[in-house]
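Beneath this line is the structure, given in structure tokens, with notes to follow.
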Amino acid sequence: MSEYTLYAQISDPEPEHKSLSRIKLLRWKRRFFKHLPPVSIFILVCIILFGSGFFYFSEKVSRLARPDPLPEADGIIVLTGGESRMEAGLDLLAKGLGRRLLISGVNPSTNSQALIRVTHSDPQLFQCCVDLGREAINTMGNAEEATDWIRKNHYQKVYIVTNDYHMPRSLRELNRLMPDIDFIAYPISEGTGEQSLLRQLGELRLLASEYIKFIGAELRAYF
21 MSEYTLYAQI SDPEPEHKSL SRIKLLRWKR RFFKHLPPVS IFILVCIILF GSGFFYFSEK
81 VSRLARPDPL PEADGIIVLT GGESRMEAGL DLLAKGLGRR LLISGVNPST NSQALIRVTH
141 SDPQLFQCCV DLGREAINTM GNAEEATDWI RKNHYQKVYI VTNDYHMPRS LRELNRLMPD
201 IDFIAYPISE GTGEQSLLRQ LGELRLLASE YIKFIGAELR AYF
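For the record, in the sequence shown the residue sitting at position 83 is 103 according to this note's numbering, with numbers rising by one throughout.
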């Protein structure tokens, strides 16, 4: 065996069967896309993009965490939707981590006394340092209501208290209106522990709905 033959055998970059497999794969891809209508290709690409984006969004939500240690801020904003949000915001206020608290999106028929009973909060603290926003009916309204409150009080650093799945969209809307404000995310996680399949499917549907709304918030920010 000559030196050239030995070198050729050693330096062969790829076995022949691998080359044939690659050729077959390329031919299959060409046949697949050749017979697939352009509309179907577009739909397939959209599904892939949506799925990968939803996976990234879900991972982002699952990794949200409260700052540790908790820094002091000028104010605290709770985006209404559950008792746990309001209780968390009032707890931050009681610890002196903000001077005032805004509860945004309160039902016009709900008064302070009802909220004090529901949250089991200190009436004096509530009457002295809690503001109720009654205009907002959605997340965009929350952001607008928060903007007015922050500008009125000349705040620069504000806690945002809302559910973890709602946090990315809330911060996107707030940063769109107030890019100069330092927002501190304080996510509320619900449904921890072992859950039934029905409950898990419900949360997955809720997360998918929130992801679609988040895409809308992203588009508004750029257009």
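Where is the CB? At the ideal position from N, CA and C, for every residue including glycine.
Comparing alpha-carbon positions, which option in the options lies nearest residue i?
{"i": "P199", "options": "S229, A228, T167", "result": "T167"}
{"i": "E230", "options": "A93, P57, F74, S60", "result": "F74"}
{"i": "D88", "options": "E210, Y206, E223, K233", "result": "Y206"}
{"i": "I67", "options": "D94, T130, A237, I232", "result": "I232"}
{"i": "L84", "options": "S209, A114, G71, C149", "result": "S209"}
{"i": "K177", "options": "F243, I96, Q220", "result": "I96"}
{"i": "D111", "options": "L69, V150, F70", "result": "V150"}
{"i": "Y179", "options": "R120, F203, W169, R171", "result": "F203"}
{"i": "K115", "options": "N127, M106, R105, L90", "result": "L90"}
{"i": "T100", "options": "G153, W169, L218", "result": "G153"}
{"i": "I120", "options": "S72, R105, C148", "result": "Reading off the sequence, residue 120 comes out as Arg, not Ile. Closest by alpha carbon: C148."}
{"i": "I170", "options": "G236, S60, L122", "result": "L122"}
{"i": "I201", "options": "L69, G71, D94, S72", "result": "D94"}
Would residue i be called buried (16 or more neighbouring beta carbons within 10 Å of its own) or exposed?
{"i": "R225", "result": "exposed"}
{"i": "V65", "result": "exposed"}
{"i": "F62", "result": "exposed"}
{"i": "K80", "result": "exposed"}
{"i": "S124", "result": "buried"}
{"i": "D184", "result": "buried"}
{"i": "L135", "result": "buried"}
{"i": "Y242", "result": "exposed"}
{"i": "V59", "result": "exposed"}
{"i": "L217", "result": "exposed"}
{"i": "I30", "result": "Here I30 scores only 46 on pLDDT, less than 50, and its place in the model should not be relied on; the value that follows carries that caveat. I30 comes out exposed."}
{"i": "L113", "result": "buried"}
Could you pull out every residue in the same chain whose Cβ sits closer than 6 Å to the Cβ of residue i, ignoring the five residues on either side in sequence?
{"i": "A163", "result": "E193, L194, L197"}
{"i": "F234", "result": "P188, R189"}
{"i": "E92", "result": "L117"}
{"i": "E165", "result": "S124, G153, E155, A156"}
{"i": "R240", "result": "none"}
{"i": "P57", "result": "none"}
Please work out which residues of its chain come closer than 8 Å, Cβ to Cβ, to residue i, disregarding the five sequence neighbours upstream and downstream, and give them in chain order.
{"i": "E238", "result": "R192"}
{"i": "A108", "result": "V98, V181, Y206, I208"}
{"i": "R105", "result": "V98, L99, V181, T182, N183, I208"}
{"i": "S132", "result": "F146, Q147, V150, L152"}
{"i": "R86", "result": "A205, Y206, P207"}
{"i": "Q220", "result": "none"}
{"i": "V126", "result": "T100, L135, L152, G153, R154"}
What residues are listed by DSSP as bridge partners for residue i?
{"i": "Y179", "result": "I96, I204"}
{"i": "L121", "result": "I96, V150"}
Below 7 Å CB to CB, which residues in the same chain sit around residue i once its five sequence neighbours on both sides are set aside?
{"i": "E103", "result": "V138, T139"}
{"i": "A228", "result": "F74"}
{"i": "K172", "result": "none"}
Below 8 Å, how does it come out for the segment 184-195 and the segment 151-165: are there three or more Cβ pairs, yes or no? The segment 184-195 vs the segment 151-165: in contact.
Flag this pair as touching only if the segment 141-151 and the segment 76-87 have three or more C-beta atom pairs under 8 Å; answer yes or no. no
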